[in-house]
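A.B. asks:
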Amino acid sequence: MAEDVFKKLVAHCKEYGFVFQSSEIYDGLGAVYDYGQNGVELKNNIKKYWWDSMVMLNENIVGIDSAIFMHPTIWKASGHVDAFNDPLIDNKDSKKRYRADVLIEEQLAKIEEKINKEVEKAAKRFGDAFDEAQFRSTNARVLEHQEKWDALHNRFAKALNDGNLEELRQIIVDEEIVCPISGTRNWTEVRQFNLMFSTEMGSTSDGALKIYLRPETAQGIFVNYLNVQKTGRMKLPFGIAQIGKAFRNEIVARQFIFRMREFEQMEMQFFVKPGTELDWFEKWKTTRMSWHQSLGFGAENYRFHVHEKLAHYANAAVDVEYKFPFGFKEVEGIHSRTDFDLSQHQQYSGKKIQYFDTEKNESYVPFVVETSIGVDRMFLQVLSASYKEEEVSDASGQKDTRVVLSLPPQLAPVKMAVMPLVKKDGLPEKAREIIDDLKFDFNCMYDEKDSIGKRYRRMDAIGTPFCVTVDHQTLEDNTVTIRYRDTMEQDRVEISKLRAIIAEAVSMKSLFAKLK
RNA sequence: GCGGGAGUAGCUCAGUCGAUAGAGCAUUAGCCUUCCAAGCUAAGGGUCGCGGGUUUGAAUCCCGUCUCCCGCUCCA
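Residue numbering for the first sequence follows this note's numbering, beginning at 1 and increasing consecutively.
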């Protein structure tokens with residue numbers, strides 16, 4: 001049922017110009033999507049709401065826009081080169097995928113366990129007189145196991161170093177490692193999975209530098225920490241915000257725009273004094289949740305999900321999850337990243353990346369609290385929350401379904417449609433006049449085709465909050481009807497009042513006022 | 001990558017036993033002028049995902065291939 005709604009939402013996105021499959025006329029490109037004429041407006045509005053809530057509302061947060069291409073050593077320092085180059089292998093019977101290196105490491109651990117058991121047994125037997133070191137270096141069984149371990153370890157280390165995938169598979173075959181699910185040894189080839197896309201910079205192939213497309217925007221902030229801190233005369237605590245594209249070569253990238261290979265992030269890295277990071281972590285948890293809930297989609301549809309397993313750089317992590325039609329899913333991550341990133345860059349670059357604290361009279365590497373939200377996920381979240389199919393009945397009592405996007409007016413792609421009731425008697429000209437006056441303030445749309453009811457429904461489908469209709473009375477007294485998307489009710493107002501009415505509704509001020 | 005499902009007009013789909021490519025909606029033009037979809041007339045729009053095979057003849061049967069959707073991992 002809920003999945004069904006999601007399917008309809010995806011179809012709606014295409015039909016009304018929100019999201020298109022990338023390269024569709026060439027059969028599409030997997031897990032890549034384009035935003036259409038309405039999608040780009042909605043997306044821009046979401047970004048503006050985020051950006052202003054960070055940069056405009058906080059005097060200690062500034063923005064940057066760093067390049068997607070960065071020095072390759074950055075990804076060494078960040079851990080992405082090593083942490084996300086996994087050799088993968090599948091078991092053909094259980095259909096389960098494993099990291100080949102982990103399978104071999106587990107095999108090594110098994111041998112160690114055997115040795116430890118021998119040692120334990122001996123310890124029991126000899127009691128206090130037991131000399132573990134001597135036992136380990138002389139016992140025949142232990143030595144035998146140890147020899148096996150050393151041989152396997154050497155072979156494994158060499159294969160990893162050489163990037164020899166065939167050898168890795170051969171080790172798994174030779175060691176007779178079985179899949180814990182199926183218990184079989186029916187393995188596929190080992191394939192290298194690279195999280196990061198790479199390309200080459202430089203025009204000649206031999207002198208070219210291997211460049212990665214960034215898998216997160218955060219590093220562009222970290223490597224500019226000194227620039228911004230110095231030129232902006234920033235004092236701790238302060239934040240740097242950035243909106244930008246990131247790229248990940250996902251193995252399985254699906255669920256529409258929820259997981260894409262090219263996606264956009266809105267990240268804010270907040271630099272704090274060491275020791276205060278967990279307080280700030282809590283503060284940003286609250287702030288970010290209130291940002292989400294200000295949109296009015298229902299507090300019950302959000303929750304925090306605390307990470308049990310932490311990434312290599314974090315000492316606390318939580319996700320903001322939203323109840324999508326396909327379940328609670330992560331929209332935003334809040335991480336306490338410690339001083340990991342800045343320290344790594346300090347080490348790899350050889351530049352001192354520190355903050356001089358005038359109170360303490362000492363320098364230190366600041367700690368970082370990150371808030372990182374996926375624009376595309378936020379986009380999908382907003383649409384999921386707004387997409388509604390309503391039962392309405394027409395004048396003759398006929399039942400009918402109205403599809404409406406009840407978008408917050410601040411985010412709606414089109415703010416106002418102006419339509420002449422009929423396509424003659426000077427009504428179209430009058431409608432154009434109204435648009436010409438308001439088009440500098442709001443995204444307006446003109447529509448004169450089909451019956452007025454049909455035009456209202458078209459506007460409902462893209463979430464336009466206001467429809468203004470010009471009728472014959474308009475020509476006499478300069479009043480129009482304004483029709484509200486959510487209630488379908490109408491008021492007759494003076495044309496001169498339109499600007500104020502719409503401005504009030506679409507200004508982000510009312511959203512900002514709800515933020516904690 | 002593996003398994004399952006699907007691919008015919010912009011959308012939703014029909015297409016019988018292998019014999020001229022169809023409908024509704026949408027689009028465009030015209031008529032009608034009406035405040036909540038579906039009035040009238042006409043027009044445009046198709047390499048039937050792609051390639052090959054069988055056949056006098058393939059959207060239909062066979063093989064291959066591509067793409068999308070659903071599951072299996074990770075994440076924003």
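Even glycine gets a Cβ: it sits at the ideal position worked out from N, Cα and C.
Could you please give the first and the last residue of the uninterrupted beta strand (DSSP E) stretch that includes residue 316?
C.D. replies: First-last of the beta strand (DSSP E) with residue 316: 316 to 324.
A.B. asks: Within its chain, find whatever has a CB closer than 6 Å to the CB of residue 423; leave out the 5 residues flanking it on each side and keep chain order.
C.D. replies: Contacts found: 448.
A.B. asks: What does the Cβ neighbour count give for residue 35, buried or exposed, with the cut at 16 atoms within 10 Å?
C.D. replies: Burial call: buried.
A.B. asks: Once the 5 residues before and after residue 141 are set aside, which same chain residues still bring their CB inside 8 Å of it?
C.D. replies: So the qualifying residues of the chain are 118.
A.B. asks: Tell me the rounded alpha-carbon separation between residue 76 and residue 82.
C.D. replies: If you take the alpha carbons of residue 76 and residue 82, they lie about 7 Å apart.
A.B. asks: With DSSP as the reference, label residue 1 as helix, strand or coil.
C.D. replies: At residue 1, the pLDDT of 46 sits below 50, so the modelled position is not reliable and the matter cannot be decided from this model.
A.B. asks: As a quick exercise: from 209, 467, 72, 506, pick the residue whose alpha carbon is nearest that of residue 420.
C.D. replies: With distances taken between Cα atoms, residue 420 lies closest to 467.
A.B. asks: Just to confirm, are residue 375 and residue 264 a CB contact at a threshold of 7 Å?
C.D. replies: The answer is yes: Cβ separation under 7 Å.
A.B. asks: Compute the Euclidean distance between the alpha carbons of residue 108 and residue 149, then round it to the nearest angstrom.
C.D. replies: Cα to Cα, the separation comes out at about 6 Å.
A.B. asks: Looking at the structure shown, is residue 108 part of a helix, part of a strand, or coil, going by DSSP?
C.D. replies: It is helical.
A.B. asks: Taking residue 286 as part of the alpha helix (DSSP H), name the residues at either end of that continuous run.
C.D. replies: 277 to 293 is the span of the alpha helix (DSSP H), which, as asked, contains residue 286.
A.B. asks: Taking the alpha helix (DSSP H) that residue 346 falls in, what are its first and last residues?
C.D. replies: Here the alpha helix (DSSP H) through residue 346 covers 340 to 349.
A.B. asks: Straight-line CA distance for residue 329 to residue 242?
C.D. replies: Between residue 329 and residue 242, the C-alpha separation is close to 23 Å.
A.B. asks: Between 335, 244, 231, which lies nearest to residue 220 when the distance is taken from Cα to Cα?
C.D. replies: Residue 244 is the option with its Cα nearest to residue 220.
A.B. asks: Taking just the CA atoms, how far does residue 121 sit from residue 131?
C.D. replies: In a straight line, the C-alpha of residue 131 is about 13 Å away from that of residue 121.
A.B. asks: If you reduce the DSSP assignment to three classes, tell me which class residue 312 lands in.
C.D. replies: Of the three classes helix, strand and coil, the one that applies to residue 312 here is coil, per DSSP.
A.B. asks: Relative to the C-alpha of residue 339, which residue among 313, 324, 359 is closest?
C.D. replies: Nearest option by C-alpha distance: 313.
A.B. asks: Using the three-state DSSP reduction, which class does residue 388 fall into: helix, strand or coil?
C.D. replies: Reduced to three states, the DSSP call for residue 388 is strand.
A.B. asks: Taking the Cβ atom as the reference point for each residue, do residue 540 and residue 381 lie within a distance shorter than 7 Å?
C.D. replies: Within the shown structure, residues of the chain are numbered from 1 to 516, placing residue 540 beyond reach of any answer.
A.B. asks: Look at the Cβ atom of residue 240, then the Cβ atom of residue 74, and state whether they are nearer than 7 Å.
C.D. replies: No, these two residues do not count as a Cβ contact at 7 Å.
A.B. asks: List the whole-angstrom C-beta distance separating residue 288 from residue 247, where the pair is believed to meet the contact cut-off of C-beta under 8 Å.
C.D. replies: Actually they do not touch by this definition, with Cβ atoms about 24 Å apart.
A.B. asks: Name the DSSP beta bridge partners of residue 327, please?
C.D. replies: Beta-bridge pairing links residue 327 to 324.
A.B. asks: Any chance you could list the alpha helix (DSSP H) runs of at least 4 consecutive residues sitting entirely within the segment 40 to 101, in chain order?
C.D. replies: Segments of the alpha helix (DSSP H) lying fully in the segment 40 to 101: 73 to 77, 80 to 83.
A.B. asks: By the DSSP assignment, the beta strand (DSSP E) with residue 518 in it spans what residues?
C.D. replies: Any question about residue 518 goes unanswered here, given that the chain covers just 1 to 516.
A.B. asks: Find out if the Cβ-Cβ distance for the pair residue 209, residue 249 is shorter than 7 Å.
C.D. replies: Their beta carbons are not under 7 Å apart, which means residue 209 does not touch residue 249 by this criterion.
A.B. asks: Quick check: the segment 298 to 305 against the segment 268 to 283, are at least 3 beta-carbon pairs closer than 8 Å?
C.D. replies: Not touching, per the Cβ criterion.
A.B. asks: Under the DSSP definition of a beta bridge, which residues are partnered with residue 196?
C.D. replies: Residue 196 pairs with nothing; no bridge assigned.
A.B. asks: Can the beta-carbon of residue 53 be found closer than 7 Å to that of residue 284?
C.D. replies: Contact: no.
A.B. asks: Is the segment 16 to 31 close to the segment 483 to 490, with three or more CB pairs under 8 Å?
C.D. replies: Judged by Cβ distances under 8 Å, the segment 16 to 31 makes no contact with the segment 483 to 490, as fewer than three pairs qualify.
A.B. asks: Are the CB atoms of residue 71 and residue 114 nearer to each other than 7 Å?
C.D. replies: In this structure, residue 114 does not lie closer than 7 Å to residue 71 by Cβ.
A.B. asks: So what does DSSP say about residue 22, is it helix, strand or coil?
C.D. replies: Note: residue 22 maps to coil in three-state DSSP.
A.B. asks: Count the other C-beta atoms from every protein chain shown that fall within 10 angstroms of the C-beta of residue 415, then say buried if there are 16 or more, exposed otherwise.
C.D. replies: Result: buried.
A.B. asks: Output the boundary residues of the alpha helix (DSSP H) element that contains residue 170.
C.D. replies: Segment 165 to 174, the alpha helix (DSSP H) holding residue 170.
A.B. asks: For residue 337, which residues from the same chain have a beta carbon less than 6 Å from its beta carbon, with the 5 sequence-adjacent residues on both sides left out?
C.D. replies: These residues qualify, in order along the chain: 313, 314, 368, 370.
A.B. asks: Please report the straight-line C-alpha distance between residue 426 and residue 497, rounded to a whole angstrom.
C.D. replies: One C-alpha to the other measures close to 21 Å.
A.B. asks: Only counting the same chain, and skipping five residues up and downstream in sequence, which positions put a Cβ closer than 6 Å to that of residue 185?
C.D. replies: So the list reads 178, once near-sequence residues are dropped.
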